[in-house]
Structures are given as structure tokens and as C-alpha cells.
Amino acid sequence: EVRSGAEGFLIKMRDGRYVRCEHNNPHGGPLPDYAPHPAIVLRMEDGSGLLLPIIV
1 EVRSGAEGFL IKMRDGRYVR CEHNNPHGGP LPDYAPHPAI VLRMEDGSGL LLPIIV
């Protein structure tokens, strides 16, 4: 589940942990609040630990 608010994106993982995401749009301003959406999160296996949320 992904939530969006003024502080950025917050992903609730299946195991109950929360992960906060950085907004990477250099032209973006404050983010609007959105209702929670289901998401699939892909994890890079290259050692970077990068998580890529895909909102469905």
C-alpha cells in the first residue's frame, strides 16, 4: 500500500514495515495528499537496495 502526503510517499510492506520514499522530481513542489493505493514493489538485486514502487 502506498500513501502520499506532504512528507513524501510512505509504503507499507507486506510484513508490516514502513518505507519512506524520496520524491525525485527536481521541478516538483509539495505533494498533494492521495488516498492509499495498492502497489507492487520491485527490489533491485544489484546491491543498491533500490525499491521501485509501481502503483496499481
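If you count the sequence shown from 1, position 53 lands on 53 in UniProt numbering, and the numbers rise without skipping. Every residue, glycine too, gets a C-beta built ideally from N, C-alpha and C. Please read all numbers here as calculations on a predicted model, not as lab measurements.
query                                                                                                                                                                        : result
Just reading off the beta strand (DSSP E) that R17 is part of, what are its end residues?                                                                                    : Note, R17: premise wrong, no beta strand (DSSP E); not H, not E.
By the DSSP assignment, the beta strand (DSSP E) with S4 in it spans what residues?                                                                                          : V2 to G5
Label V2 either buried or exposed according to how many other C-beta atoms from any shown protein chain fall within 10 Å of its C-beta, with 16 as the threshold for buried. : buried
Please state if the CB of A35 and the CB of I11 are separated by a distance shorter than 8 angstroms.                                                                        : no
Using the C-alpha atoms, what's the distance from I54 back to R43?                                                                                                           : 11 angstroms
Could you give the C-beta distance for L50 and V19, rounded to a whole number, given that I count them as a contact under 8 angstroms?                                       : Not confirmed; about 11 angstroms, so no contact.
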